[in-house]
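Every letter in the sequence shown is one number past the one before it in full-length UniProt numbering, and letter 27, counting from 1, is 27. We put the CB at the ideal spot given by N, CA and C, even for glycine.
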Amino acid sequence: MSIKVAVVTGSNKGIGLAIVRALCKQFKGDVYLMSRDVGRGEEAVKSLSSEGLNPKFHQLDINDVNSIIAAAAFFKEKYGGVDVLVNNAAILFKGERHTNEY
1 MSIKVAVVTG
11 SNKGIGLAIV
21 RALCKQFKGD
31 VYLMSRDVGR
41 GEEAVKSLSS
51 EGLNPKFHQL
61 DINDVNSIIA
71 AAAFFKEKYG
81 GVDVLVNNAA
91 ILFKGERHTN
101 EY
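Structure, rendered in structure tokens:
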């Protein structure tokens, strides 16, 4: 039986970190904390490890196409894909914003 994998984007702090913590306690498989900043991501993993949890880390910047391609290739090669994806990373669209007044 293959190892299941859960991935949480934008998870080096806040709600994302709490989701990783909960998954590490309940999910039967590998849990990946993903962050665009390697240092912050590794520090978050270290903090969770000190709680007796075992998250893994992979860098991901959702605004960088090459980072997305590299992460997708990593999970496809190592696990054959992703079983659980929590897309917690904030996205800011650049360009014009249209708002409606009511």
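Comparing alpha-carbon positions, which option in the options lies nearest residue i?
{"i": "V72", "options": "T9, G14, A90", "result": "Before going further, note that residue 72 is Ala rather than Val in the sequence given. Answer by Cα proximity: T9."}
{"i": "A18", "options": "F75, L53, V5", "result": "L53"}
{"i": "E51", "options": "A22, A90, V86, V65", "result": "A22"}
Shorter than 8 Å from the beta carbon of residue i to some beta carbon of chain D?
{"i": "S35", "result": "The structure shown contains no chain D; it is built from a single protein chain."}
When burial is assigned at 16 or more other CB atoms within 10 Å of the CB, is residue i buried or exposed?
{"i": "N12", "result": "buried"}
{"i": "G41", "result": "buried"}
{"i": "A90", "result": "exposed"}
{"i": "V45", "result": "buried"}
Since residue i and residue j are thought to touch, with beta carbons under 8 Å apart, how far apart are those beta carbons, to the nearest angstrom?
{"i": "V7", "j": "F75", "result": "7 Å"}
{"i": "G29", "j": "I68", "result": "Wrong, their Cβ atoms sit about 22 Å apart, outside the cutoff."}
{"i": "G39", "j": "N88", "result": "Wrong, their Cβ atoms sit about 19 Å apart, outside the cutoff."}
Report yes or no: do the segment 33–40 and the segment 59–69 share at least 3 C-beta pairs separated by less than 8 Å? Touching, per the Cβ criterion.
To test your reading of the DSSP string, which unbroken alpha helix (DSSP H) runs of 4 or more residues are found completely within the segment 10–53? Entirely contained in the segment 10–53, the alpha helix (DSSP H) runs reaching 4 residues are, in chain order, 14–26, 38–49.
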